[in-house]
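Numbering (full-length UniProt numbering), first residue to last: 1 to 451.
1. Select from 434, 360, 415 the residue whose C-alpha is nearest the C-alpha of residue 320.
2. For residue 160 and residue 445, what's the separation of their Cα atoms in angstroms?
3. Taking just the CA atoms, how far does residue 120 sit from residue 79?
4. So, at 7 Å on beta carbons, what are the nonlocal neighbours of residue 426 in its own chain, with the 5 sequence-adjacent residues on each side left out?
5. Could you tell me whether the Cβ atoms of residue 307 and residue 348 are closer together than 7 Å?
6. Check whether the segment 34–48 and the segment 133–145 are in contact - that is, three or more C-beta pairs closer than 8 Å.
7. With DSSP run on the structure shown, which of helix, strand or coil describes residue 87?
8. In or out: residue 407 buried (at least 16 other Cβ within 10 Å) or exposed?
9. Would you check if the segment 308–316 and the segment 325–339 touch, i.e. whether three or more CB-CB distances between them fall below 8 Å?
10. State buried or exposed for residue 335, treating a residue as buried only when at least 16 other CB atoms are found within 10 Å of its CB.
11. Please report the distance separating the alpha-carbon of residue 235 from that of residue 72.
12. Report the three-state DSSP secondary structure of residue 380 (helix, strand or coil).
13. Going by other Cβ atoms of all chains shown within 10 Å of its Cβ, with 16 needed for buried, is residue 361 buried or exposed?
14. Given this structure, state the Cα-to-Cα distance separating residue 293 from residue 305, to the nearest angstrom.
15. Please determine, among 296, 404, 350, 101, the residue with the shortest C-alpha to C-alpha distance to residue 413.
16. Which whole-angstrom value describes the C-beta separation of residue 174 and residue 53, a residue pair presumed to lie in contact below a C-beta threshold of 8 Å?
17. Residue 213: buried (16+ other C-beta within 10 angstroms of its C-beta) or exposed?
18. Residue 208 and residue 245: beta carbons closer than 7 Å?
19. Opposite residue 92 in the DSSP bridges: which residues?
20. Alpha carbon to alpha carbon, how far is residue 158 from residue 398? Give it in angstroms, no decimals.
21. Looking at C-alpha atoms only, which residue of 178, 163, 400, 49 is the closest neighbour of residue 136?
22. Using the rule of at least 16 other Cβ atoms within 10 Å of the residue's Cβ for burial, across every protein chain shown, is residue 317 buried or exposed?
23. Using a 10 Å radius around the Cβ and a threshold of 16 neighbouring Cβ atoms, would you call residue 30 buried or exposed?
24. Do you know how far the Cα of residue 226 is from the Cα of residue 185?
25. Answer with buried or exposed for residue 466, where buried requires no fewer than 16 other C-beta atoms within 10 angstroms of its C-beta.
26. Under a Cβ-count criterion, where at least 16 other Cβ atoms within 10 Å of its own Cβ denotes burial, should residue 7 be classed as buried or exposed?
27. Return the bridge partner residues of residue 171 from the DSSP annotation.
28. Which of the three DSSP states is assigned to residue 251 in this structure?
29. Whole-angstrom Cβ separation of residue 283 and residue 350, contact assumed at under 8 Å?
30. So if DSSP puts residue 243 in a beta bridge, which residue, or which two residues, is it bridged to?
31. Between residue 387 and the rest of its own chain, which residues show a CB-CB distance below 7 Å, the 5 nearest in sequence each way excluded?
32. Can you tell which of 358, 395, 32 has the C-alpha that lies nearest to the C-alpha of residue 492?
33. For residue 151, which residues does DSSP report across the bridge?
34. Hey, could you find the ends of the alpha helix (DSSP H) residue 158 is sitting in?
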């Protein structure tokens, strides 16, 4: 999709002046808070006296990253900040723009800044989806102070934002909304006569409200979407209902009128299907479930991380190249973005599904965790301790240590576990793929150690 930067302007659904757009907008957009007093949640940042609130009230707006789960108000908070100080607010989706379009956009608004003496607040939604080159494109404008930059992300910025951009921004962590927060938002939407359903006379039963809170999973947007679906369904079906009941909500859920979104149960069902298809060496099913997730809007980097997990958990040393390929796919996605990076994921899923399987690494780690839990206070054997001082040497540190490279086979009969764990066996390769070589090597090592 090509974006014409000249089409950007401040009159969006965030603007109070676009009344016709507001009237036809989804409930979640109509109910967006317009002031800090209307904003729900994030008391650790916005309670009276908090440093973040003091900064934005004084107009000292640093370039920042807002990190938190979906539907908690990252975009809305950025808009409120711009409105408080008459800043030019430009929301920009990271999934849509090329480097050329980003540079055109920045050039256009840099000129507007100079002409109208209004500072630009640029919100980059899903900033984690920008590749390195795209993130680099913003750096000169942030350094010059030409813009107030806000990146919104659901992913850990330490992993998904380049160091150069991180060093020029302040990261603020936003927390999930509490059940009481979600209840407040739903009740406000039901009672608001201008933007909500106050004029309809609808009410909601307490147990239905609780169920709606559970379905929304801390996501205000999802809660309002569910409320809107329920009310609009009643209105369109001309049912004589004025109270939204628990039974009614469950009826909608069973009819799939209310669906879990990509952060809900169905999302994890799809991930489970992908993982188990690869484990079962079903190549076609692996491609299918991966494509279902991609087309459903799943984050490509999240999918790449899941494939890395599969490579170690279900393949391991049966084919050590699987992990390297999965990591390479993650790097390809990070570098190319969407859609160019998709084929790297498909290629990796095919390779993982076709690879020989072994869960020996996974089970070894599980056994090790159990062993550590039961022997956490076992001391390190003296011969394995490093005698860095004469006192340590006097105490027996390093005594009887055998240096493997002094021996032809590059191993010794020396025990490297505490006495209570000498019989411990954690890694038991199944002998599939490359593990055949490992099994032969382990047998050879075992015979040497017995001598």
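From the three backbone atoms N, C-alpha and C, an ideal C-beta is built for every residue, glycine too.
If we stick to the structure as given:
1. 434
2. 43 Å
3. 11 Å
4. 364, 367, 368
5. yes
6. no
7. coil
8. exposed
9. yes
10. exposed
11. 28 Å
12. coil
13. buried
14. 14 Å
15. 404
16. At roughly 13 Å, the Cβ-Cβ gap does not stay under 8 Å, so residue 174 and residue 53 are not in contact.
17. buried
18. yes
19. 124
20. 40 Å
21. 163
22. buried
23. buried
24. 12 Å
25. In this structure the chain extends from 1 to 451, so residue 466 is not present and cannot be described.
26. Low local confidence applies: a pLDDT of 40 at residue 7 is under 50, so the model's placement there is unreliable, and no value is given.
27. 65
28. helix
29. 6 Å
30. 203
31. 393, 397, 398
32. The shown model of the chain, from 1 to 451, leaves out residue 492, and the question about it has no answer.
33. 65, 124
34. 157–160
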